[in-house]
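For what it's worth, this note's numbering labels the leading residue of the sequence shown as 7, then goes sequentially. Everything below concerns the one structure shown next.
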Amino acid sequence: MFRIFYAEKDATLYESAEFYNTGLDEILEIGKRLGTDGSTLYKSRAIIKFDLNEIISACDKYSISVNNCKFMLQLFTTDAKKLPADYSIDAKILAQPWVNGTGFLSSTTATTNGASWATPYHSWSYGAQSGNSWISSSQQINIPHTSLYISGSGKGGSWYWQSGSSIFNSGFFNQTFFYQPGLQEAEDFSYRPTDINMDVSDAVRLWISGSGNHEVSNHGFLLKFSDVDESNTTTTGYVRFFSRETHTIYVPRLLMLFDNSEYSSSLNEIDTESFVIHTNTKPSYKDTEITKLRIYARDRYPQKSPTNLFPIITNKRLPENTYYTIKDAATDETIIPYDDIYNKVSCDNVSNYIYIDMNGFMPERYYRLEFKLIDGFTEHYIDDQIYFKVVR
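Here's what the structure looks like:
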């Protein structure tokens, strides 16, 4: 099953416009651009935050542990220029609170009421140190009771990093060594589409569960070229993504996947070479609904009855390895991708079925449901024009 969450806030930090807030821009940018002198490379990084309370609430609703969920960060490209054939994008965990602001890069004068390359526009305090700028590694700020420190150059954001993989336990005067996952997620690109579809499960678990049983605040992600690509003077180019301010359907989102499927073999299995399906899909659903959608499978040519007047129609089950995907009907954009762990079709003694949480679907749009059946080494796809609309 799945649940979609949309970004709470986002902005781009431009080194070339270090005091400009871009909190209301419709795009996010990651990469490096040449300056007006034709030789200086200026970095651009995106920051984005999701509401952790929504995620915790969803886990509670479905009685699912965050450790059994998969979280995918998804951003959709508007355009890209002069990118190398191979590059990587890192998602680091932001270490400081920041303000979204109401600025635009295109403004003739800088709007300074939110995060920019120069400042998060939010004060901070760690122990004896405090300030209102991005934290630098030279300040050696440690997150209390953890092995996490704050890294950065004093501009362009700051993020957590781990030093020595240890916690000092003053009660027992020893150190417990461990590796803290989730501090940096990454996605490699090589001759492929530039949309981001990054597994950030460890990062979300870190925010919810903490590090070494100590809280790690959720300030969001900082998206940037990898350290290698940023420091390499021969690597240039940039990619721009739709932001939460876009007037399209391509809003940045966090996709939560989890397996709540059940499979009973009480029904006879369908002959995958000759069958049809129908569903109890309604024409429309409220955007707050959670529906149980049944998939009825039967033989394409039912067995005749003794009188030959009415065929014997018996529900059967699709193979256990049956999965589903949901696409936007107008754009054919995949909203929920096939996944052989989390998007399984369930079965009970009545029929196959799936649960669909309409929360997170863009309202006033039509969607299409498709299925994939795996039978041995063969794959069958069912595209029977199963449509539904999500309404407010």
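For each residue, glycine too, the CB sits at the ideal point set by N, CA and C. Since the structure is predicted, the reported quantities are computational estimates derived from the model, not experimental observations.
Check	Outcome
Just the Cα atoms here: how many angstroms apart are Pro126 and Ser139?	6 Å
Looking at C-alpha atoms only, which residue of Val257, Asp235 and Leu324 is the closest neighbour of Thr278?	Leu324
Span of the beta strand (DSSP E) holding Val356?	From DSSP, Val356 is part of no beta strand (DSSP E); its letter is neither H nor E.
Pull up the distance between the alpha-carbon of Ser94 and that of Tyr256, whole angstroms please.	22 Å
Would you give the residue range spanned by the alpha helix (DSSP H) that Asn59 belongs to?	Leu58 to Lys67
On the three-state DSSP scale, how would you describe Ser122?	coil
If distances are taken between C-alpha atoms only, which option among Asn148, Tyr387, Thr115 and Asn73 comes closest to Gln427?	Any property of residue 427 remains undetermined from this structure, which presents the chain solely from 7 to 398.
In this structure, how does DSSP classify Ser144 when only helix, strand and coil are distinguished?	helix
Taking C-beta to C-beta, are Gly37 and Tyr197 nearer than 7 Å?	no
Around the Cβ of His121, are there at least 16 other Cβ atoms within 10 angstroms (buried) or fewer (exposed)?	Contrary to the premise, residue 121 reads as Ala rather than His in this sequence. Per the 10 Å Cβ criterion, buried.
Tell me which residues share the same chain as Tyr12 and place their Cβ nearer than 6 Å to its Cβ, disregarding the 5 neighbours each side in the sequence.	Val257 and Arg259
Going by alpha carbons, who is nearest to Leu6 out of Trp167, Thr241 and Phe195?	Nothing about residue 6 can be reported from this structure: the residues present for the chain run from 7 to 398 only.
Contact defined as beta carbons within less than 8 Å: I believe Arg9 pairs with Asn358. What is the distance between those atoms, to the nearest angstrom?	In fact, because the Cβ distance is near 21 Å, the residues do not count as touching under 8 Å.
Looking at the structure shown, is Asp346 part of a helix, part of a strand, or coil, going by DSSP?	coil
Check whether the region 25–32 and the region 210–218 touch, using three or more Cβ-Cβ pairs below 8 Å as the test.	no
Taking the alpha helix (DSSP H) that Arg198 belongs to, which residues open and close that run?	Where Arg198 is concerned, there is no enclosing alpha helix (DSSP H), given that its DSSP letter is neither H nor E.
What separation, rounded to the nearest whole angstrom, lies between the Cα atoms of Gly107 and Arg250?	13 Å
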